[in-house]
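Here's the structure, in C-alpha coordinates; my notes come after.
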Amino acid sequence: MLSIRSLYQIGYGPSSSHTMGPAKAAKIIKEQFPNLDRFEITLYNSLALTGKGHLTEEAIKESLAPCHVAFLTSIDLAKHPNTLIIKGYDNDMLIVDKEIQSVGGGRILFSGEGDIEKTIYKHETFREIKNYCRSKKISLADYVFEMEDEGFHDFLVEIWEAMKTSIMNGISTKGVLPGPLKLKRKAPFLYSRDQEKEMPEITENRLVSSYAFAVSEENASGGVIVTAPTCGACGVLPSVLYYMHEKHHVVTQERIIRGLAVAGLIGNLIKQNASISGAVAGCQAEIGSACAMAAAAHATLFNLSMDQVEYAAEIAIEHHLGLTCDPVNGYVQIPCIERNAVAALRAIDACGLAFFLTDSRKISLDMVIQTMYQTGLDMHTSYKETSQGGLAFYFKEEEDVNCW
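The opening position of the sequence shown corresponds to residue 262 in our numbering, with each subsequent residue numbered one higher.
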(Lines of atoms letter the chains of each structure in order from A and count residues from 1; the text may use other names and numbers.)
(Lines give C-alpha, C1' and ligand atoms only; values in the text may rest on other atoms or scores of the structure.)
Protein backbone atom coordinates (compact mmCIF):
# COMPACT_ATOMS: atom_id res chain seq x y z
CA MET A 1 0.00 0.00 0.00
CA LEU A 2 1.01 3.60 -0.54
CA SER A 3 1.77 6.09 2.20
CA ILE A 4 -1.19 7.60 4.02
CA ARG A 5 0.23 10.92 2.82
CA SER A 6 -1.39 10.08 -0.55
CA LEU A 7 -4.76 9.65 1.17
CA TYR A 8 -4.86 12.83 3.27
CA GLN A 9 -4.35 15.78 0.95
CA ILE A 10 -4.99 19.44 1.69
CA GLY A 11 -6.53 21.15 -1.28
CA TYR A 12 -9.46 22.95 -2.86
CA GLY A 13 -12.87 21.31 -3.35
CA PRO A 14 -15.31 20.31 -4.54
CA SER A 15 -14.05 16.93 -5.82
CA SER A 16 -10.83 15.02 -5.36
CA SER A 17 -11.33 12.86 -8.46
CA HIS A 18 -12.98 15.51 -10.66
CA THR A 19 -11.15 18.65 -9.52
CA MET A 20 -7.92 17.86 -7.66
CA GLY A 21 -6.89 14.89 -9.84
CA PRO A 22 -7.31 16.56 -13.25
CA ALA A 23 -5.70 19.75 -11.93
CA LYS A 24 -2.71 17.75 -10.68
CA ALA A 25 -2.35 16.00 -14.04
CA ALA A 26 -2.46 19.31 -15.89
CA LYS A 27 0.17 20.82 -13.57
CA ILE A 28 2.52 17.88 -14.11
CA ILE A 29 2.27 18.19 -17.90
CA LYS A 30 2.66 21.97 -17.71
CA GLU A 31 5.86 21.55 -15.68
CA GLN A 32 7.21 18.91 -18.06
CA PHE A 33 6.39 20.94 -21.19
CA PRO A 34 6.48 24.63 -20.16
CA ASN A 35 6.70 26.00 -23.72
CA LEU A 36 3.38 24.69 -25.01
CA ASP A 37 0.82 27.34 -25.96
CA ARG A 38 -2.37 25.37 -26.60
CA PHE A 39 -4.10 22.36 -25.08
CA GLU A 40 -7.01 20.16 -26.08
CA ILE A 41 -8.62 18.24 -23.23
CA THR A 42 -11.07 15.37 -23.72
CA LEU A 43 -13.09 14.41 -20.66
CA TYR A 44 -14.61 10.92 -20.57
CA ASN A 45 -17.56 9.28 -18.82
CA SER A 46 -18.16 10.65 -15.30
CA LEU A 47 -15.80 13.57 -15.93
CA ALA A 48 -17.73 14.38 -19.10
CA LEU A 49 -21.16 14.10 -17.48
CA THR A 50 -20.53 15.87 -14.15
CA GLY A 51 -17.40 17.91 -14.82
CA LYS A 52 -19.32 21.20 -14.99
CA GLY A 53 -20.74 20.81 -11.50
CA HIS A 54 -17.39 19.63 -10.16
CA LEU A 55 -15.55 22.65 -11.65
CA THR A 56 -13.29 20.31 -13.63
CA GLU A 57 -12.73 22.69 -16.52
CA GLU A 58 -11.96 25.65 -14.24
CA ALA A 59 -9.40 23.62 -12.29
CA ILE A 60 -7.64 22.48 -15.48
CA LYS A 61 -7.65 25.96 -16.99
CA GLU A 62 -6.06 27.40 -13.85
CA SER A 63 -3.36 24.72 -13.88
CA LEU A 64 -2.52 25.39 -17.55
CA ALA A 65 -2.82 29.20 -17.51
CA PRO A 66 -2.10 31.33 -19.47
CA CYS A 67 -2.38 28.81 -22.33
CA HIS A 68 -5.49 28.49 -24.47
CA VAL A 69 -7.50 25.39 -23.48
CA ALA A 70 -10.30 23.74 -25.47
CA PHE A 71 -12.52 20.99 -24.04
CA LEU A 72 -14.22 18.00 -25.63
CA THR A 73 -16.40 15.34 -23.98
CA SER A 74 -16.91 11.70 -24.85
CA ILE A 75 -18.46 8.51 -23.49
CA ASP A 76 -16.38 5.35 -23.73
CA LEU A 77 -17.33 2.78 -21.09
CA ALA A 78 -14.25 0.73 -21.94
CA LYS A 79 -12.21 3.47 -20.28
CA HIS A 80 -11.92 4.22 -16.56
CA PRO A 81 -14.91 6.34 -15.39
CA ASN A 82 -12.62 9.31 -14.72
CA THR A 83 -10.40 9.41 -17.80
CA LEU A 84 -9.02 12.49 -19.50
CA ILE A 85 -6.74 12.89 -22.50
CA ILE A 86 -4.50 15.93 -22.58
CA LYS A 87 -3.02 17.00 -25.92
CA GLY A 88 -0.51 19.84 -25.92
CA TYR A 89 0.63 21.85 -28.94
CA ASP A 90 3.49 24.14 -29.83
CA ASN A 91 1.89 26.31 -32.51
CA ASP A 92 0.14 23.59 -34.53
CA MET A 93 2.55 20.77 -33.75
CA LEU A 94 1.32 18.05 -31.35
CA ILE A 95 4.01 17.68 -28.66
CA VAL A 96 2.32 15.70 -25.90
CA ASP A 97 -0.60 13.25 -25.90
CA LYS A 98 -1.30 11.74 -22.47
CA GLU A 99 -4.17 9.61 -21.19
CA ILE A 100 -4.74 9.94 -17.44
CA GLN A 101 -7.02 8.21 -14.96
CA SER A 102 -8.18 10.07 -11.86
CA VAL A 103 -8.73 7.11 -9.57
CA GLY A 104 -10.00 8.82 -6.42
CA GLY A 105 -8.73 10.90 -3.53
CA GLY A 106 -6.76 13.12 -5.91
CA ARG A 107 -4.56 10.26 -7.09
CA ILE A 108 -3.79 10.01 -10.81
CA LEU A 109 -2.28 7.37 -13.08
CA PHE A 110 -0.72 8.06 -16.47
CA SER A 111 -1.61 5.31 -18.94
CA GLY A 112 1.35 3.16 -19.90
CA GLU A 113 3.59 4.67 -17.21
CA GLY A 114 4.62 3.30 -13.85
CA ASP A 115 3.07 4.52 -10.62
CA ILE A 116 4.96 7.60 -9.44
CA GLU A 117 4.14 6.79 -5.80
CA LYS A 118 6.05 4.09 -3.95
CA THR A 119 4.56 1.24 -1.93
CA ILE A 120 5.68 1.44 1.70
CA TYR A 121 3.30 -0.95 3.50
CA LYS A 122 4.21 -4.61 3.23
CA HIS A 123 0.76 -5.85 4.28
CA GLU A 124 -2.37 -5.49 2.14
CA THR A 125 -5.21 -6.85 4.31
CA PHE A 126 -6.41 -6.03 7.79
CA ARG A 127 -5.92 -9.65 8.80
CA GLU A 128 -2.24 -9.49 7.85
CA ILE A 129 -1.81 -6.21 9.71
CA LYS A 130 -3.58 -7.50 12.81
CA ASN A 131 -1.44 -10.63 12.91
CA TYR A 132 1.72 -8.57 12.53
CA CYS A 133 0.68 -6.19 15.32
CA ARG A 134 -0.11 -9.06 17.66
CA SER A 135 3.22 -10.73 16.93
CA LYS A 136 5.06 -7.54 17.85
CA LYS A 137 2.60 -6.53 20.60
CA ILE A 138 1.97 -3.11 19.10
CA SER A 139 -1.18 -1.12 18.34
CA LEU A 140 -2.55 -0.19 14.94
CA ALA A 141 -1.34 3.39 15.41
CA ASP A 142 2.13 2.12 16.33
CA TYR A 143 2.10 0.03 13.17
CA VAL A 144 1.35 3.08 11.02
CA PHE A 145 4.16 5.11 12.55
CA GLU A 146 6.53 2.17 12.06
CA MET A 147 5.71 2.01 8.36
CA GLU A 148 5.71 5.74 7.64
CA ASP A 149 8.67 8.17 7.61
CA GLU A 150 10.02 10.18 10.56
CA GLY A 151 8.08 13.32 9.67
CA PHE A 152 4.73 11.58 9.51
CA HIS A 153 3.63 12.69 12.99
CA ASP A 154 4.17 16.33 12.05
CA PHE A 155 2.30 15.70 8.81
CA LEU A 156 -0.74 14.48 10.76
CA VAL A 157 -0.56 17.54 13.01
CA GLU A 158 -0.74 19.67 9.86
CA ILE A 159 -3.71 17.61 8.62
CA TRP A 160 -5.51 18.07 11.95
CA GLU A 161 -4.95 21.83 11.88
CA ALA A 162 -6.34 22.02 8.35
CA MET A 163 -9.40 20.00 9.41
CA LYS A 164 -10.06 22.33 12.35
CA THR A 165 -9.68 25.39 10.14
CA SER A 166 -12.24 24.05 7.66
CA ILE A 167 -14.70 23.54 10.53
CA MET A 168 -14.14 27.03 11.93
CA ASN A 169 -14.50 28.60 8.50
CA GLY A 170 -17.65 26.63 7.77
CA ILE A 171 -19.56 27.36 10.98
CA SER A 172 -18.81 31.09 10.72
CA THR A 173 -19.66 31.63 7.05
CA LYS A 174 -23.22 32.37 5.96
CA GLY A 175 -24.59 32.74 2.46
CA VAL A 176 -25.47 30.64 -0.56
CA LEU A 177 -23.41 27.88 -2.14
CA PRO A 178 -22.27 28.38 -5.74
CA GLY A 179 -24.26 26.81 -8.55
CA PRO A 180 -27.84 26.70 -9.80
CA LEU A 181 -29.28 24.96 -6.72
CA LYS A 182 -28.85 28.12 -4.61
CA LEU A 183 -28.52 26.15 -1.36
CA LYS A 184 -28.15 28.17 1.82
CA ARG A 185 -25.29 27.25 4.12
CA LYS A 186 -26.75 25.40 7.11
CA ALA A 187 -23.71 24.90 9.35
CA PRO A 188 -23.99 28.29 11.15
CA PHE A 189 -27.68 27.64 11.88
CA LEU A 190 -27.05 24.14 13.24
CA TYR A 191 -24.16 25.37 15.35
CA SER A 192 -26.01 28.37 16.84
CA ARG A 193 -28.97 26.25 17.91
CA ASP A 194 -26.65 24.52 20.36
CA GLN A 195 -26.96 27.62 22.55
CA GLU A 196 -30.55 26.71 23.37
CA LYS A 197 -31.52 24.37 26.19
CA GLU A 198 -31.88 20.96 24.64
CA MET A 199 -31.68 17.31 25.54
CA PRO A 200 -28.01 16.12 25.50
CA GLU A 201 -28.53 13.70 22.60
CA ILE A 202 -30.06 16.46 20.46
CA THR A 203 -27.15 18.75 21.26
CA GLU A 204 -24.68 16.04 20.22
CA ASN A 205 -26.52 15.41 16.95
CA ARG A 206 -26.63 19.11 16.10
CA LEU A 207 -23.01 19.78 16.98
CA VAL A 208 -21.62 16.79 15.08
CA SER A 209 -23.88 17.64 12.14
CA SER A 210 -22.88 21.31 12.20
CA TYR A 211 -19.21 20.37 11.95
CA ALA A 212 -19.89 17.92 9.10
CA PHE A 213 -21.99 20.51 7.27
CA ALA A 214 -19.29 23.13 7.87
CA VAL A 215 -16.54 21.14 6.15
CA SER A 216 -18.81 19.89 3.37
CA GLU A 217 -20.08 23.39 2.64
CA GLU A 218 -16.52 24.68 2.53
CA ASN A 219 -15.79 21.92 0.02
CA ALA A 220 -18.88 22.76 -2.06
CA SER A 221 -17.71 26.37 -2.17
CA GLY A 222 -14.29 25.41 -3.49
CA GLY A 223 -12.68 26.08 -0.11
CA VAL A 224 -9.65 24.34 1.41
CA ILE A 225 -10.37 20.93 2.95
CA VAL A 226 -8.63 17.61 3.63
CA THR A 227 -9.51 14.58 1.52
CA ALA A 228 -10.68 11.99 4.04
CA PRO A 229 -10.65 9.96 1.90
CA THR A 230 -12.21 12.23 -0.78
CA CYS A 231 -13.53 15.78 -1.10
CA GLY A 232 -17.13 14.61 -1.32
CA ALA A 233 -16.79 12.76 2.00
CA CYS A 234 -14.43 15.22 3.67
CA GLY A 235 -16.78 16.25 6.51
CA VAL A 236 -17.23 12.90 8.26
CA LEU A 237 -13.88 12.28 9.96
CA PRO A 238 -13.14 15.89 11.04
CA SER A 239 -16.59 16.31 12.61
CA VAL A 240 -16.27 13.17 14.74
CA LEU A 241 -12.72 13.98 15.85
CA TYR A 242 -13.47 17.63 16.62
CA TYR A 243 -16.62 16.86 18.58
CA MET A 244 -14.87 14.21 20.69
CA HIS A 245 -11.90 16.51 21.24
CA GLU A 246 -14.21 19.27 22.49
CA LYS A 247 -16.42 17.00 24.59
CA HIS A 248 -13.91 14.74 26.35
CA HIS A 249 -10.85 16.11 28.14
CA VAL A 250 -9.12 12.73 27.74
CA VAL A 251 -9.19 13.11 23.96
CA THR A 252 -5.96 15.05 23.68
CA GLN A 253 -4.33 16.16 20.46
CA GLU A 254 -1.98 13.20 20.68
CA ARG A 255 -4.95 10.83 20.75
CA ILE A 256 -6.40 12.69 17.77
CA ILE A 257 -3.16 12.14 15.86
CA ARG A 258 -3.25 8.42 16.64
CA GLY A 259 -6.89 8.33 15.59
CA LEU A 260 -5.99 9.99 12.29
CA ALA A 261 -3.26 7.40 11.77
CA VAL A 262 -5.66 4.48 12.23
CA ALA A 263 -8.37 6.14 10.15
CA GLY A 264 -5.80 6.60 7.38
CA LEU A 265 -4.86 2.94 7.61
CA ILE A 266 -8.50 1.90 7.12
CA GLY A 267 -8.87 4.29 4.20
CA ASN A 268 -5.69 2.93 2.67
CA LEU A 269 -6.96 -0.65 2.91
CA ILE A 270 -10.18 0.31 1.13
CA LYS A 271 -8.26 2.26 -1.50
CA GLN A 272 -5.91 -0.70 -2.07
CA ASN A 273 -8.47 -3.51 -2.14
CA ALA A 274 -11.58 -1.75 -3.46
CA SER A 275 -12.10 1.90 -4.36
CA ILE A 276 -12.73 5.28 -2.76
CA SER A 277 -14.15 6.74 -5.99
CA GLY A 278 -17.86 7.36 -6.44
CA ALA A 279 -17.42 7.06 -10.20
CA VAL A 280 -16.06 3.54 -9.75
CA ALA A 281 -18.18 2.11 -6.91
CA GLY A 282 -20.87 4.62 -5.99
CA CYS A 283 -21.16 6.70 -2.85
CA GLN A 284 -20.58 3.62 -0.67
CA ALA A 285 -16.94 3.96 -1.72
CA GLU A 286 -16.76 7.59 -0.59
CA ILE A 287 -19.13 8.19 2.31
CA GLY A 288 -19.01 4.53 3.38
CA SER A 289 -15.23 4.62 3.49
CA ALA A 290 -15.24 7.93 5.37
CA CYS A 291 -17.68 6.50 7.91
CA ALA A 292 -15.43 3.46 8.41
CA MET A 293 -12.41 5.70 8.90
CA ALA A 294 -14.28 7.84 11.44
CA ALA A 295 -15.58 4.79 13.32
CA ALA A 296 -12.07 3.35 13.55
CA ALA A 297 -10.69 6.71 14.70
CA HIS A 298 -13.44 7.04 17.31
CA ALA A 299 -12.59 3.59 18.68
CA THR A 300 -8.90 4.52 18.77
CA LEU A 301 -9.61 7.71 20.73
CA PHE A 302 -10.91 5.57 23.58
CA ASN A 303 -8.22 2.88 23.36
CA LEU A 304 -10.51 0.09 22.20
CA SER A 305 -9.00 -3.21 21.07
CA MET A 306 -7.97 -4.03 17.51
CA ASP A 307 -10.98 -6.31 17.18
CA GLN A 308 -13.27 -3.49 18.28
CA VAL A 309 -11.65 -1.05 15.86
CA GLU A 310 -12.11 -3.59 13.07
CA TYR A 311 -15.74 -4.25 13.97
CA ALA A 312 -16.56 -0.52 14.15
CA ALA A 313 -15.11 0.02 10.67
CA GLU A 314 -16.83 -3.09 9.32
CA ILE A 315 -20.25 -2.00 10.64
CA ALA A 316 -19.77 1.42 9.05
CA ILE A 317 -19.11 0.00 5.58
CA GLU A 318 -21.65 -2.81 5.80
CA HIS A 319 -24.51 -0.41 6.38
CA HIS A 320 -23.56 1.79 3.46
CA LEU A 321 -23.43 -1.09 0.97
CA GLY A 322 -25.22 -0.21 -2.24
CA LEU A 323 -25.29 3.53 -1.61
CA THR A 324 -25.49 5.30 -4.96
CA CYS A 325 -23.66 8.40 -6.13
CA ASP A 326 -26.30 10.58 -7.79
CA PRO A 327 -25.36 14.25 -7.29
CA VAL A 328 -28.09 16.62 -8.40
CA ASN A 329 -26.93 18.70 -11.38
CA GLY A 330 -23.47 17.20 -10.89
CA TYR A 331 -22.75 19.42 -7.88
CA VAL A 332 -21.29 18.04 -4.64
CA GLN A 333 -24.24 19.40 -2.67
CA ILE A 334 -27.42 17.29 -2.83
CA PRO A 335 -27.36 14.68 -1.31
CA CYS A 336 -23.63 14.84 -0.53
CA ILE A 337 -23.60 17.43 2.26
CA GLU A 338 -26.34 15.81 4.34
CA ARG A 339 -24.74 12.41 3.85
CA ASN A 340 -21.58 13.64 5.58
CA ALA A 341 -23.57 14.52 8.69
CA VAL A 342 -25.54 11.26 8.68
CA ALA A 343 -22.34 9.22 8.24
CA ALA A 344 -20.60 11.06 11.09
CA LEU A 345 -23.43 10.18 13.47
CA ARG A 346 -23.45 6.61 12.15
CA ALA A 347 -19.70 6.31 12.81
CA ILE A 348 -20.25 7.15 16.48
CA ASP A 349 -23.06 4.61 16.69
CA ALA A 350 -20.96 1.95 14.94
CA CYS A 351 -18.23 2.36 17.54
CA GLY A 352 -20.80 2.02 20.33
CA LEU A 353 -22.11 -1.23 18.87
CA ALA A 354 -18.58 -2.55 18.42
CA PHE A 355 -17.79 -1.85 22.06
CA PHE A 356 -20.57 -4.18 23.20
CA LEU A 357 -20.87 -6.77 20.44
CA THR A 358 -17.39 -7.48 19.06
CA ASP A 359 -17.28 -11.03 20.44
CA SER A 360 -20.37 -11.97 18.43
CA ARG A 361 -19.35 -10.64 15.03
CA LYS A 362 -19.29 -12.87 11.94
CA ILE A 363 -18.09 -10.48 9.19
CA SER A 364 -14.48 -9.34 8.87
CA LEU A 365 -13.35 -5.94 7.62
CA ASP A 366 -11.55 -7.56 4.69
CA MET A 367 -14.74 -9.38 3.70
CA VAL A 368 -16.91 -6.28 3.73
CA ILE A 369 -14.34 -4.28 1.74
CA GLN A 370 -14.35 -7.00 -0.91
CA THR A 371 -18.16 -7.01 -0.86
CA MET A 372 -18.33 -3.25 -1.25
CA TYR A 373 -16.09 -3.34 -4.30
CA GLN A 374 -18.06 -6.12 -6.00
CA THR A 375 -21.30 -4.29 -5.22
CA GLY A 376 -19.84 -1.21 -6.89
CA LEU A 377 -18.86 -3.15 -9.99
CA ASP A 378 -22.38 -4.57 -10.20
CA MET A 379 -23.98 -1.14 -9.81
CA HIS A 380 -25.46 0.43 -12.94
CA THR A 381 -23.37 3.24 -14.45
CA SER A 382 -26.16 5.77 -13.96
CA TYR A 383 -25.69 5.49 -10.19
CA LYS A 384 -21.94 6.11 -10.25
CA GLU A 385 -21.41 9.89 -10.39
CA THR A 386 -22.97 10.47 -13.78
CA SER A 387 -26.10 12.36 -12.59
CA GLN A 388 -28.17 10.14 -14.89
CA GLY A 389 -30.04 8.19 -12.23
CA GLY A 390 -31.54 8.37 -8.75
CA LEU A 391 -32.05 11.76 -7.15
CA ALA A 392 -30.31 13.53 -10.01
CA PHE A 393 -32.74 12.08 -12.55
CA TYR A 394 -35.94 12.66 -10.58
CA PHE A 395 -34.90 16.14 -9.45
CA LYS A 396 -34.48 17.15 -13.09
CA GLU A 397 -37.78 15.50 -14.02
CA GLU A 398 -39.61 17.38 -11.26
CA GLU A 399 -38.01 20.66 -12.36
CA ASP A 400 -39.20 20.02 -15.92
CA VAL A 401 -42.75 19.41 -14.66
CA ASN A 402 -42.68 22.55 -12.52
CA CYS A 403 -41.64 24.60 -15.53
CA TRP A 404 -45.07 23.90 -17.02
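We treat Cβ as the ideally placed atom computed from N, Cα and C, and that holds for glycine.
Environment of Leu355 [buried if 16+ CB atoms lie within 10 Å]: Residue 355 sits at position 94 when you count from the first residue of the sequence shown. Exposed.
The region 599 to 611 contacting the region 494 to 512, beta-carbon criterion three pairs below 8 Å: Touching, per the Cβ criterion.
Integer Cβ distance of Gly365 from Ser536, believed to fall under 8 Å: In the sequence shown, the residue the question calls residue 365 occupies position 104. In the sequence shown, the residue the question calls residue 536 occupies position 275. Taking a contact as a CB-CB distance under 8 Å, the pair Gly365 and Ser536 counts as one, their CB atoms being some 6 Å apart.
Cβ neighbours of Cys612 in the same chain (closer than 6 Å, five flanking residues each side left out): Looking up residue 612 in the sequence shown gives position 351. Ala556, His559, Ala560, Ala573.
Cβ-Cβ distance between Thr488 and Gln649 below 8 Å: If you number the sequence shown from 1, residue 488 lands on position 227. If you number the sequence shown from 1, residue 649 lands on position 388. Not in contact: Thr488 and Gln649 (Cβ atoms no closer than 8 Å).
CB of Ala448 within 8 Å of CB of Ala494, strictly: Mapped onto the sequence shown, residue 448 falls at position 187. Mapped onto the sequence shown, residue 494 falls at position 233. Not in contact: Ala448 and Ala494 (Cβ atoms no closer than 8 Å).
Contacting residues, own chain, Cβ-Cβ under 6 Å from Tyr382 (five flanking each side not counted): Taking the sequence shown and counting its residues from 1, one reaches residue 382 at position 121. If we look at Tyr382 and ignore the five residues flanking it on each side, its Cβ neighbours are Met262, Met408.
Paired residues, beta bridge with Lys359 - DSSP: Counted from its first residue, the sequence shown places residue 359 at position 98. According to DSSP, Lys359 bridges with Ile347.
Which of helix, strand or coil DSSP assigns to Ser264: In the sequence shown, counting from the first residue as 1, residue 264 sits at position 3. Three-state result, Ser264: coil.
Distance CB(Ser277)-CB(Cys597) smaller than 8 Å: Residue 277 sits at position 16 when you count from the first residue of the sequence shown. Residue 597 sits at position 336 when you count from the first residue of the sequence shown. No. Outside cutoff.
Cβ neighbours of Gly637 in the same chain (closer than 8 Å, five flanking residues each side left out): Against the sequence shown, residue 637 aligns to sequence position 376. Within the same chain, Gly637 has close Cβ partners Ala535, Ser536, Val541, Ala542, Gly543, Gln545, Ala546, Lys645.
Check whether Ile321 and Ala284 have beta carbons under 8 Å apart: Counting from 1 along the sequence shown, the entry for residue 321 is found at position 60. Counting from 1 along the sequence shown, the entry for residue 284 is found at position 23. In this structure, the beta-carbon distance from Ile321 to Ala284 falls below 8 Å.
Neighbourhood of Lys435 by C-beta distance below 7 Å, restricted to the same chain and skipping five residues each side: Reading the sequence shown from its first residue, position 174 is the one you call residue 435. Residues Arg446, Pro449 of the same chain have their beta carbon placed closer than 7 Å to that of Lys435, with the five preceding and five following residues left out of the count.
Contacting residues, own chain, Cβ-Cβ under 8 Å from Cys664 (five flanking each side not counted): In the sequence shown, residue 664 corresponds to position 403, counting from 1. Any reading at Cys664 is ruled out, since the residue's pLDDT is 37, under 50, leaving its predicted position unreliable.
Inter-residue CB distance, Tyr378 and Ser538 (contact presumed, cutoff 8 Å): Numbered from 1 along the sequence shown, position 117 holds the residue referred to as residue 378. Numbered from 1 along the sequence shown, position 277 holds the residue referred to as residue 538. The sequence shown places Glu at residue 378, rather than the Tyr named in the question. Between the beta-carbon of Glu378 and that of Ser538 there is about 16 Å, and that puts the pair past the 8 Å contact cut.
Residue span of the beta strand (DSSP E) that contains Ala489, given as start and end: Locating residue 489 in the sequence shown gives position 228, where the first residue counts as 1. No beta strand (DSSP E) holds Ala489; DSSP gives it neither H nor E.
Cα-Cα separation between Glu579 and Gln635, rounded to whole angstroms: Position 318 of the sequence shown, counted from the start, is the residue given in the question as residue 579. Position 374 of the sequence shown, counted from the start, is the residue given in the question as residue 635. Our two residues, Glu579 and Gln635, have alpha carbons roughly 13 Å apart in a direct line.
Contact check, Val593 vs Ala481, beta carbons under 8 Å: One-based indexing of the sequence shown puts residue 593 at position 332. One-based indexing of the sequence shown puts residue 481 at position 220. Yes; because the gap between Cβ atoms is below 8 Å, this pair is in contact.
Own chain residues within Cβ distance below 6 Å of Glu301, not counting five before or after: Position 40 of the sequence shown, counted from the start, is the residue given in the question as residue 301. Sequence-distant Cβ neighbours of Glu301 in its own chain, meaning closer than 6 Å and more than five residues away, are Ala331, Lys348.
Simplified DSSP assignment, three categories, for Ser396: Counting from one through the sequence shown, the residue named residue 396 turns up at place 135. Residue state for Ser396 is assigned as helix, using DSSP reduced to three classes.
Backbone CA spacing between Leu338 and Asp587 [nearest angstrom]: If you number the sequence shown from 1, residue 338 lands on position 77. If you number the sequence shown from 1, residue 587 lands on position 326. Pairing Leu338 with Asp587, the inter-Cα distance amounts to about 18 Å.
Span of the alpha helix (DSSP H) around Val501: Indexing the sequence shown from 1 puts residue 501 at position 240. Per DSSP, Val501 is one residue of the alpha helix (DSSP H) stretching across 497 to 508.
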